[in-house]
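The structure appears right after this line, and notes come after that.
Numbering (my numbering), first residue to last: 2 to 75.
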């Protein structure tokens, strides 16, 4: 079981990720502020559409996996 942080304000994304990871036995915590304990997470999922994405990636990129909308950059 992994402790995974999720940075996303999109409700649909949160719901899908939460359901999928919990089915696999992982624990998911929503990140809602830029001051959080990075040591509490094995990995951080970062939605590039979130306003804090750049800051989190800059400071904690070594633990992050970023994703964005399939419609971006079209």
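Using N, Cα and C, we set each Cβ at its ideal position, and we do this for glycine too.
Values in this document were obtained by computation on a predicted structure and should not be read as measured data.
Check                                                                                                                                                                    : Outcome
Indicate the three-state DSSP secondary structure (helix, strand or coil) for residue 17 in the structure shown.                                                         : helix
Would you check if the distance between the CB atom of residue 48 and the CB atom of residue 21 is smaller than 8 Å?                                                     : no
Which residues in the same chain as residue 5 place their Cβ atom closer than 8 Å to its Cβ, once the five residues preceding and following it in sequence are excluded? : 22, 27, 28, 29, 30, 42, 43, 44, 45, 46
Using CA coordinates, which residue listed in 16, 62, 67, 51 is at the minimum distance from residue 34?                                                                 : 51
What did DSSP end up calling residue 71 once you bin it into helix, strand or coil?                                                                                      : coil
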